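Q:
Numbering (my numbering), first residue to last: -15 to 377.
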């Protein structure tokens, strides 16, 4: 029997699941095709905003959309359960008996911006501090050892030999980050049960589309067809780029030219590092092209986790080169004061900087089709983008 749905969703990660939840809530029938064998193999969602801002950024809006309450409001509508919250003072005034321990947690952490005093980054950092001050965000300027002590993983060993007096920065407001794995897994389990396993297919590749439906191929077996009544929705993430570029080149070349002019792709190294001691869980630090924070699921244990997540932006096309090792060694050995560290894993991450997030519409062989952009990056951004787009479909 041929499968028939109102909407066919093609993509990886959380975005098509969020869209499926939104569409099914209003009564539409949905199927999802994911080209990966594992639903979250691409891992294109981030737990937090990396906050790359410049002089033209709307700092007030950017900061506001990363507040824990705002993140909660963006993520709760499509999630089929509780989302818990944590900040340092909660450990002292609230009982964990009232928390759903296995739920996704939103942590509230300070942001710390740091730069060497004699670097060309200091002017940008000072301007950012003054703008935050003018907007009433109450940043706190710090220097030397008082600054270093707020850095995640700071050690007081050999302070005299580390030239910490040559560093400056400021402690900004508390923003939120989310348990990405728990959120995605809970969402997938619910959507799979709601739609039925036959409507969520992995290792699936679209072969062709026309007014009669969409022909696709799984990893085994003959090609199959889904009859689509209203539209195909594609979700743009790095994994989907090759397929979507091919579609635009074939059906809507002008949109591809506009896309190329409006988006910039960045390469990041993601380091998963083990610390000998628990790391302060209350701060996410920015050091030039690096972001670093104590990493784990749920509410942090006393003192913090011993795992550290480091994201470093790479300007070249190669990963873990000489400059990468130098940057991390300077930060970990000189600034943080560690004597050694253990790397559990290094992974590449591609992210987009989107200037336009409007959907791209095209006709594929008589079938109404739409590309939903900005489906990678901070998870709460993705949820908000998908919701706005689906509500307009």
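Just so it is clear, CB atoms sit at the ideal spot from N, CA and C, and this is done for glycine as well.
Please read these numbers as outputs of a predicted model, since none were measured by experiment.
Would residue 219 and residue 13 qualify as a contact pair, given that the criterion is a beta-carbon distance under 9 Å?
A: If you number the chain shown from 1, residue 219 lands on position 235. If you number the chain shown from 1, residue 13 lands on position 29. No, the Cβ-Cβ distance between residue 219 and residue 13 is not below 9 Å.
Q: Would you mind giving the Cβ-Cβ distance between residue 93 and residue 277, rounded to the nearest angstrom? I have them listed as a contact below 8 Å.
A: The residue you call residue 93 lines up with position 109 of the chain shown. The residue you call residue 277 lines up with position 293 of the chain shown. At roughly 7 Å, the Cβ-Cβ gap stays under 8 Å, so residue 93 and residue 277 are in contact.
Q: Report, in whole angstroms, the separation of the C-beta atoms of residue 95 and residue 156, which I expect to be a contact under 8 Å.
A: Locating residue 95 in the chain shown gives position 111, where the first residue counts as 1. Locating residue 156 in the chain shown gives position 172, where the first residue counts as 1. The Cβ separation is near 4 Å, so the contact holds.
Q: Tell me, to the nearest whole angstrom, how far the beta carbon of residue 294 is from that of residue 274; I am working on the premise that it is less than 8 Å.
A: Translated into the one-based positions of the chain shown, residue 294 becomes position 310. Translated into the one-based positions of the chain shown, residue 274 becomes position 290. Yes, they are in contact, since the Cβ atoms of residue 294 and residue 274 sit about 6 Å apart, within 8 Å.
Q: Kindly list the residues whose CB is nearer than 6 Å to the CB of residue 343, restricted to its own chain and excluding five residues on each side of it in sequence; keep chain order.
A: Counted from its first residue, the chain shown places residue 343 at position 359. Contacts found: 354, 356 and 373.
Q: How would you label residue 327, buried or exposed, when you count the other beta carbons within 10 angstroms and need 16 or more for buried?
A: Walking along the chain shown from the start, residue 327 turns up at place 343. With fewer than 16 other Cβ atoms within 10 Å, it is exposed.
Q: Short check: CB of residue 149 to CB of residue 127, under 9 Å?
A: As a working mapping, residue 149 is identified with position 165 in the chain shown. As a working mapping, residue 127 is identified with position 143 in the chain shown. Yes, these two residues count as a Cβ contact at 9 Å.
Q: Whose C-alpha, out of 364, 369 and 375, is nearest the C-alpha of residue 50?
A: On the chain shown, residue 50 is found 66 positions in, with the first residue counted as 1. Considering only alpha carbons, the answer is 364.
Q: Nearest to residue 99 by alpha carbon, out of 349, 111 and 88?
A: Within the chain shown, residue 99 is the residue found at index 115, counting from 1. When each option's Cα is compared against that of residue 99, the closest is 111.
Q: Which same chain residues end up closer than 6 Å to residue 167 when comparing Cβ atoms and leaving out the 5 residues on each side of it in sequence?
A: As a first step, residue 167 must be located in the chain shown, where it is residue number 183. Excluding sequence neighbours, residue 167 sits near 88.
Q: Leaving out five residues on either side along the sequence, give the residues of the same chain with a beta carbon under 6 Å from the beta carbon of residue 0.
A: Within the chain shown, the letter at position 16 stands for residue 0. Contacts found: -7, 16 and 219.
Q: Can you name the residues that DSSP bridges to residue 254?
A: Position 270 of the chain shown, counting from 1, holds the residue named residue 254. Answer is 295 and 331, bridged to residue 254.
Q: For residue 249, I'd like the list of residues in its chain whose CB is within less than 7 Å of its CB, leaving aside the five on either flank, ordered along the chain.
A: In the chain shown, the residue the question calls residue 249 occupies position 265. Once the five neighbours on either side are set aside, the close Cβ partners of residue 249 are 334 and 336.
Q: Put residue 213 into one of helix, strand or coil per three-state DSSP.
A: One-based indexing of the chain shown puts residue 213 at position 229. Correct three-state label for residue 213: strand.
Q: For residue 258, count neighbouring Cβ atoms within 10 angstroms of its own Cβ and tell me buried if that reaches 16, exposed if not.
A: Along the chain shown, read from residue 1 onward, the residue named residue 258 stands at position 274. So residue 258 ends up on the exposed side.
Q: Closest to residue 143 by CA distance: which of 367, 323, 361 and 347 is it?
A: Here residue 143 refers to the residue found at position 159 when the chain shown is read from its first residue. The candidate whose alpha carbon is nearest that of residue 143 is 323.
Q: Does the Cβ of residue 226 have 16 or more other Cβ atoms within 10 Å, making it buried, or fewer, making it exposed?
A: The residue labelled residue 226 in the question sits at position 242 within the chain shown. Label assigned to residue 226: exposed.
Q: Which parts of the segment 11 to 84 are runs of the alpha helix (DSSP H), unbroken and 4 residues or longer, counting only runs that do not cross its ends?
A: If we require 4 residues or more, the alpha helix (DSSP H) runs fully inside the segment 11 to 84 come out as 43 to 48, 52 to 59 and 74 to 77.
Q: Could you tell me which residues DSSP pairs with residue 97 in its beta bridges?
A: Position 113 of the chain shown holds residue 97. Beta-bridge pairing links residue 97 to 154 and 270.
Q: Would you identify the three-state DSSP class for residue 220, choosing helix, strand or coil?
A: The sequence position of residue 220 within the chain shown is 236, counting from 1. It is coil, neither helix nor strand.
Q: Among residues of its own chain, excluding the 5 on either side of residue 311, which ones have a beta-carbon nearer than 8 Å to its beta-carbon?
A: As a first step, residue 311 is located in the chain shown; it is residue number 327 there, counting from the start. The answer, listed in chain order, is 272, 273, 274 and 296.
Q: Which whole-angstrom value describes the C-beta separation of residue 28 and residue 221, a residue pair presumed to lie in contact below a C-beta threshold of 8 Å?
A: Along the chain shown, read from residue 1 onward, the residue named residue 28 stands at position 44. Along the chain shown, read from residue 1 onward, the residue named residue 221 stands at position 237. Contact holds; Cβ gap of about 4 Å.
Q: How would you label residue 348, buried or exposed, when you count the other beta carbons within 10 angstroms and need 16 or more for buried?
A: If you number the chain shown from 1, residue 348 lands on position 364. Result: buried.
Q: By the DSSP assignment, the beta strand (DSSP E) with residue 198 in it spans what residues?
A: For the purposes of this step, residue 198 is taken as residue 214 along the chain shown, with counting starting at 1. Residues 197 to 201.
Q: Quick one: what's got a C-beta closer than 8 Å to residue 77's C-beta in the same chain, skipping five residues either side?
A: Here the question's residue 77 lines up with position 93 in the chain shown. Confidence in residue 77 is poor, its pLDDT being 47 and thus under 50, which makes the residue's placement too unreliable to answer from.
Q: Got a sec, what are the start and stop residues for the alpha helix (DSSP H) residue 124 sits in?
A: Along the chain shown, read from residue 1 onward, the residue named residue 124 stands at position 140. No alpha helix (DSSP H) contains residue 124, which is instead part of the beta strand (DSSP E) from 124 to 127.
Q: Suppose you measure from the CA of residue 305 to the CA of residue 270; what does that come to, to the nearest Å?
A: Taking the first residue of the chain shown as 1, we reach residue 305 at position 321. Taking the first residue of the chain shown as 1, we reach residue 270 at position 286. Spanning the two alpha carbons is a distance of roughly 21 Å.
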